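The structure under discussion appears below in the form of structure tokens.
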Amino acid sequence: MAKDTDVRIDGTREEDRATERVLDYYAAFNRGDWAAMLALLDDAVVHDLNQGPRETGRDAFDAFLQRMARCYREQLRDIVVMVSPDGRRAAAEYVVHGEYLADDEGLPRAHGQRYVLPGGAFFELGPAGIARVSNYYNLQDWLEQVGA
């Protein structure tokens, strides 16, 4: 009979693998290693942009990363990842430390403004990789920090 203090391992460790996958995703982001990020994604990944459209597919995600690299320099810190026991869903909370480098469409003019902004994301994970990434942050807070 198992006691409350006994640790049981189910042999699949789906939760641990999902946590590692999300942490690998953010480690690649912080390195600016877009190829490594893309390799973690399902071919048909769904990307929900904060206060923006839903984009589908690895090519669309690559275009997003190229825009990010052109317009922003960001590092995510204080990353906390929470995962469902079956490893199919995850959530992450983090703090973005960034610099606005070049004008992004529909946003204020860029001139190197720095910002610190809490953010979060929700993930769906499948056997072929990360199937959905939904990003959230307070756009109004960001706009105030960049002087809009």
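Residue numbers (the UniProt record's numbering): 1 to 148. Just so it is clear, CB atoms sit at the ideal spot from N, CA and C, and this is done for glycine as well. For clarity, every value in this text was computed on a predicted model and none was experimentally measured.
When rounded, the separation of the alpha-carbon atoms in R89 and Y25 is 14 Å. The Cβ atoms of R67 and D104 sit closer than 8 Å to each other. In the three-state reduction of the DSSP assignment, Q75 falls in the strand class, which pools E and B. Residues of the same chain with a CB within less than 6 Å of the CB of V116, apart from the 5 flanking positions on each side, are H97 in chain order.
By the Cβ-count criterion, G52 is exposed, with fewer than 16 other Cβ atoms from all chains shown falling within 10 Å of its own Cβ.
Of the other Cβ atoms in all chains shown, 16 or more fall within 10 Å of the Cβ of G87; this residue is therefore buried. Closest by C-alpha distance to P108, out of A128, L76, V81 and L143, is L143. The straight-line gap separating the alpha-carbon atoms of P118 and N138 is approximately 8 Å.
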